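Okay, so here's the structure we're looking at.
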Amino acid sequence: MSELQAKYLIDYKQPDYTINHLSLDFQLNIPTTEVVAVSQVERKSKQATQLVLEGDELELVSVKINGQSATHQVKDKQLFIEAELDNFELEIITHLKPAENTALEGLYMSDGAYCTQCEAEGFRRITYYLDRPDVLAKFDVRVEADKAEFPFLLSNGNLTAKGDTENGRHFASWQDPFPKPSYLFALVAGDFDLLEDNFITRSGRDVKLQVFVDKGNLHKAHHAMESLKKSMKWDEERFDLEYDLDIYMIVAVDFFNMGAMENKGLNVFNTKYVLADKESATDDDYHGIESVIGHEYFHNWTGNRVTCRDWFQLSLKEGLTVFRDQEFSSDVGSRPVNRIQAIQVIRNHQFAEDAGPMAHPIRPESVIEMNNFYTVTVYNKGAEVIRMMHTLLGEQKFQAGMKLYFERHDGQAVTCDDFVAAMEDASGVDLKQFRQWYSQAGTPTVAVNESFENGSYQLTLTQSRPEIAGNNDLPMHIPFDVELLDAEGNSITSKVLNFTEHKQTFTFDGLEQKPVVSLLQDFSAPVKLEYQYEDEHLAHLMRYANSEVARWEASVSLFSKAVWDNVKALSEGKTMQLNSIVQDAFKGVILDENLDEELIAEVMSVPSISSLVEQVETVDLDALIIARRFVKDELAVGCEDEVVARYHASKGKDNASARALKNECLAWACVANEEYEALVETQYQSATNMTDSLGALKVSSDLNLSNRDSLMTHFENKWVDTPLVMDKWFTLQAIQDSEQVIDKIKALTTHKAFSFNNPNRVRSLIGSFAVGNVEHFHKADGSGYQYLTEILKKINTINPQVAARIITPLIQFSKFDQGRQQHIKACLQELMALPDLSKDLFEKVSRALA
Ligand code: B3K
Ligand code: ZN
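Per this note's numbering, the very first residue in the sequence shown carries number 155; after that it's consecutive.
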């Protein structure tokens, strides 16, 4: 089978053999590392004669069964071994080249340290193995390396022995008592600073906590440690789940393809989600660290103790764990703000994925490269699906479902259906129709019609879904949260409607006047809403809706409507205008002393271009950019005095909410009037934390104020040796509104702080340009697309996973005009013609061209 061929969920078969125990012995050396893997194999299917193992980029040295050389053959990344035995010991010796591994999958070097990344299918780059999540083995690992260069030798589980060997080398042995799939294996060897602490679990177990960071960064590890302890406590309290080993280690590395990895007892993290101090990290960074530390920790139960049967079930662990980390952030921080941010991820990114060539259900049915399916659909829409079950069952029954899930499946590799069945059985709530959420791709639309007569208010909901291969035409079970308000803003009623038919009418009787309705409150289902709002209606909700999320929602709708009204005006050759209702509604929120400052900041951040694009079928991008800017500018000018007053009021306060509001106010003020550049300068120069200095710098850079160059240079000189901070600077450069931006980015790729081999650098400079600089990336002449294509050709061979991530904005083109689509297709064809196109890019490009 060619590796470019898709694999299908319906073809799942249990493995013929399984491995119950694996001993790994690593002789870490550059250029060649030797791995001796000894498996205890059990034949499950008595007719099987051949054991087939996966392997990639390996040099095979020897294969033995029960100590005797075994008959074997390597073909197309698979090792076929004659094995007509029920139980046997298999020894495989392989050689690897960690220093040449720029794909950062399997065993590789990050800044002088050895580390691993095995999910999804990276373990096969270490040894030939049954590299699939339904094969669970107990691992014993021995690691040997030079002692001076690599004083710390780490792997999963508990340390059982260590000592010196010959020639200045030493070893460590680790044993993980919990059977696990190969994707959870980890090894790290290097020299680090170590922060230690402990956590006493509810049952009294004393767990040693360790955070390993690059030398000189110890002072930046404290927030990560605090976040870990908070997560451990929260999981005991809210989910009744306790940690199960005596040690929990986190290692922060510079070179990492994603955020972090939940390897059993030994998490490996991108430095971005560990290192923080007030001078170098923003409030958002602090929040991101807390949430990712939580996420990886929560995987210990949802992912590790109960894992996935096959990779199509990825959302089993990811959707659920994202839901859990969102709940954690909401319980320890602001629930409405966290909810708003989660909704934004769906609207800004997931809807676009659902509307593009990579659309897939949260449980995909066919996959070429698994790494391409660690998506906002599987993760974030997956979390919304879990959240809907939580809404339908309520917290108590949901927790009963979790309990039953662990009772039934602890130590197993299971499916999404198993999870839903546990929820159903524990709660008595019928989820048969609800299961559709796992198999249907694309974003459903709910059209809303209303009528009011004789005190009776009727809401008629109609649902539909895009026609995507694999979708059926049965209705979905949509929990639809509504609130009715009276003219004075009092709540009349609020409830979750069970919307289960194609078209369904819900009646509310006994009303005195026509109510003002707040629809899909708290984004109770990941759907698009079709409803003709009036400006007055939205202004009413912005002011009175009971939930803060609903007030924010109304501001999004009101702003969006103003933008589309002006796009229409442009197309009709009319002058653009902004209704005073809109102006007053925003002013009202900005002045509201009772609203959380961070919430006001969220309202002021107004919908992005990408979320606006997702509201329509086709878009005149140039008109959209102009209209959005017009509305934003008009609002800023109209609210100048209020914004400046709030800026000064928040200035003295030392908390994240106040800083968020302050920075929004600064941006609005400078849009209204450049004379506030002096405020930018003062804030930058007197800042004592990164949120303030970056906030000021961003305003200066985004608006191209006259102090832009001097501040950018100052920032660069100050932080040139701090890579994570330079990422922020690279991003500001990449999203600047300048005709020369591409030339500037090209020049920056030779900056001493930049490297094509480091995913964080590539994402901050190239990724941000493609995602965040809509105006210049989508230039009608195609120059932005062409530049990204040049970069993709380069990264395709260095790191296919990173290349396949940053191509995203280039394949989501269906809503654009013919001219742009043609430029994009030409670029995609160029990529398709590459002789060494990785399967990661192949899958995305071929789907986009299909
Ligand atoms: N499970 C990992 C992601 C692995 C991605 C592989 N390409 C991190 C997480 O979701 O927690
Ligand atoms: Zn995860």
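Glycine residues also receive a C-beta, built at the ideal position from the N, C-alpha and C atoms.
It should be emphasised that the depicted structure is a prediction, and the values quoted were computed from it without experimental measurement.
What does DSSP give as the partner residue(s) for residue i in the beta ladder?
i, result
"Y162", "S520"
"D635", "V650"
"V361", "F353"
"V671", "L638"
"G344", "F306"
"I173", "V195"
"D564", "Answer is none; D564 lacks a bridge partner."
"S918", "Note: S918 sits in no beta bridge, so no partner."
"S645", "L639"
What's the gap between the Cα of residue i and the Cα of residue j?
i, j, result
"L176", "S199", "20 Å"
"P401", "I354", "At residue 401 the sequence reads Ile, which differs from the Pro that was named. Whole-angstrom Cα-Cα distance: 11 Å."
"Q271", "E259", "5 Å"
"E472", "A160", "22 Å"
"R915", "T885", "9 Å"
"H544", "F552", "6 Å"
"L848", "S156", "49 Å"
"F332", "R459", "8 Å"
"R813", "V743", "17 Å"
"P877", "R356", "39 Å"
"K167", "P620", "31 Å"
"I978", "F931", "11 Å"
"R1001", "E666", "54 Å"
"I965", "Y533", "20 Å"
"R359", "S216", "43 Å"
"A924", "E893", "15 Å"
"I780", "I754", "24 Å"
"N700", "I622", "37 Å"
"V583", "D572", "15 Å"
"L651", "A1004", "39 Å"
"E444", "R517", "28 Å"
"I219", "V195", "10 Å"
"F482", "D438", "16 Å"
Tell me where the beta strand (DSSP E) around residue i begins and ends.
i, result
"Q329", "R323 to K334"
"G260", "G260 to S264"
"I354", "D347 to I354"
"L982", "Careful: L982 lies outside any beta strand (DSSP E), inside the alpha helix (DSSP H) at Q972 to M986."
"T111", "Any question about residue 111 goes unanswered here, given that the chain covers just 155 to 1004."
"Q769", "No beta strand (DSSP E) holds Q769; DSSP gives it neither H nor E."
"L859", "Where L859 is concerned, there is no enclosing beta strand (DSSP E), given that its DSSP letter is neither H nor E."
"V993", "In the sequence as presented, Val is not what sits at residue 993; that position holds Lys. Element bounds for K993: not the beta strand (DSSP E) but the alpha helix (DSSP H), K993 to L1003."
Which residues in the same chain as residue i place their Cβ atom closer than 6 Å to its Cβ, once the five residues preceding and following it in sequence are excluded?
i, result
"H631", "Q587, F588 and T654"
"V342", "C269, L308 and V405"
"D408", "S264, D265 and T425"
"G792", "Q737"
"S520", "A160 and Y162"
"D689", "N733 and I735"
"Q181", "E188 and E298"
"L613", "E604 and F660"
"V879", "S434 and W873"
If I measure Cβ to Cβ from residue i and keep anything under 8 Å in the same chain, skipping five residues before and after, which residues do I get?
i, result
"D750", "S488, P490, V491, E702 and S811"
"T319", "E298 and F325"
"Y440", "H377, A430 and A810"
Starting from residue i, follow the alpha helix (DSSP H) in both directions and report where the run begins and ends.
i, result
"C824", "A810 to A826"
"K715", "E702 to S725"
"E752", "E751 to M758"
"E796", "E794 to K805"
"L695", "D689 to Y698"
"E134", "Nothing in the structure corresponds to residue 134, since the chain is present only between 155 and 1004."
Output needed for residue i: all residues of its chain with C-beta closer than 7 Å, excluding positions within five of it in sequence on either side, in chain order.
i, result
"R501", "S765 and E768"
"I714", "The residue you asked about is not Ile; residue 714 is Ser in the sequence shown. Closer than 7 Å at the Cβ level, and outside the excluded window around S714, lie P761, L766 and Q769."
"Y687", "S711 and K715"
"A506", "S764, E768 and Q966"
Open item on the list: Extract the residue ranges of the alpha helix (DSSP H) inside the segment 392 to 480, only unbroken runs of 4 or more that lie entirely within it.
Closed with: Runs found: 437 to 452.
Open item on the list: Runs of 3 residues minimum, wholly inside the segment 288 to 318: which ones carry the beta strand (DSSP E) assignment?
Closed with: Complete beta strand (DSSP E) runs here, min 3: 291 to 300, 306 to 309 and 312 to 318.
Task: Length-filtered (4 minimum) alpha helix (DSSP H) runs lying within the segment 502 to 547 - done: Those alpha helix (DSSP H) runs which fall completely within the segment 502 to 547 and span 4+ residues are 505 to 508.
- [ ] Could I get the ranges of all uninterrupted beta strand (DSSP E) runs contained in the segment 572 to 625, with 3 residues as the minimum, in chain order?
- [x] Runs found: 599 to 607 and 610 to 618.
TODO: Mind listing, in chain order, the continuous beta strand (DSSP E) runs of no fewer than 3 residues lying wholly within the segment 934 to 964?
DONE: Entirely contained in the segment 934 to 964, not one beta strand (DSSP E) run reaches 3 residues.
TODO: For the segment 182 to 261, list the beta strand (DSSP E) runs that are entirely contained and at least 3 residues long, ordered along the chain.
DONE: Taken in chain order, the complete beta strand (DSSP E) segments of 3 residues or longer contained in the segment 182 to 261 are 187 to 197, 204 to 208, 213 to 219, 226 to 229, 232 to 236 and 241 to 250.
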